[in-house]
Structures are given as structure tokens and as C-alpha cells.
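*Asks:* There's a structure below that I have some questions on.
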Amino acid sequence: MFIARVNGRVVSSQKDENIFNLKMLLIEKLDPKTLSGKGEFLVAIDAVDAGTGEIVLYASGSSARMTEITHNKPCDCVIMGIIDHYDIDGETIYRKD
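For the sequence shown, this note's numbering puts the final residue at 1304, and the numbers step up evenly by one.
Printed below as a string of C-alpha cells:
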């Protein structure tokens, strides 16, 4: 699992029928210590109804096809959690308001 920020929504009118009704979001990978963006973007299937600006957990590769929503779908990246807060070495790095 990795940490990213949702930057926006991806709309595609033409896509494989197996992902026709799935919400796609544009996410940016984050440095977990600073929460700064790495400038690396991915399109992810949203399995948890995340919104723009939220900090999320995502999986990629074959692990992305292991959620109930993405099982056996042509998917290489899935958002599978919305982070409420986390800390590193006892220091709170992020807390969702």
C-alpha cells in the first residue's frame, strides 16, 4: 500500500465494459514524511468513494484487482482506503479535519 492525494476525477466516455460504471480518480504519489507531492500521477479506480484533496491508500499491480469492486477487472491501481490520520515515530504527520 502507498499514500497519495486525490487531485481530481478522470472521465472517459469510451472504456472497457468491465469498468464501465467505476469511478476513476487522478492521484499523486506523496512523500509520507512531508506529504509533498512527488510529481508522479496515476489513474485509480475508487473503491471507497474518495474525494478531491483527500489523502488515500492505494495499491497497484495485481493487488489492485483484489478488492470487491475491482476483482477480475482490468485495473492496475485502486484506492482502497481514506486516511483519517497517521504518525511516524510518535509525531502526527497528518490528521483529517
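Note that CB positions come from ideal geometry on N, CA and C, so glycine has one too.
(1) Once DSSP output is grouped into helix, strand and coil, what is the label at Ser1220?
(2) Give the range of the beta strand (DSSP E) segment to which Val1285 is assigned.
(3) Output the residue ranges of the beta strand (DSSP E) runs that lie fully inside the region 1219 to 1275 and measure 3 residues or longer, sorted by chain position.
(4) Using three-state DSSP, classify His1292 as helix, strand or coil.
(5) Helix, strand or coil: how does DSSP classify Thr1299 here?
*Replies:* Short version:
(1) Here residue 1220 refers to the residue found at position 13 of the sequence shown. Coil at Ser1220, not helix or strand.
(2) By 1-based counting over the sequence shown, the position of residue 1285 is 78. Cys1284 to Ile1289 is the span of the beta strand (DSSP E), which, as asked, contains Val1285.
(3) 1231 to 1237, 1244 to 1253 and 1262 to 1267
(4) The residue labelled residue 1292 in the question sits at position 85 within the sequence shown. His1292: strand per DSSP, three-state reduction.
(5) Locating residue 1299 in the sequence shown gives position 92, counting from the first residue. Thr1299: strand per DSSP, three-state reduction.
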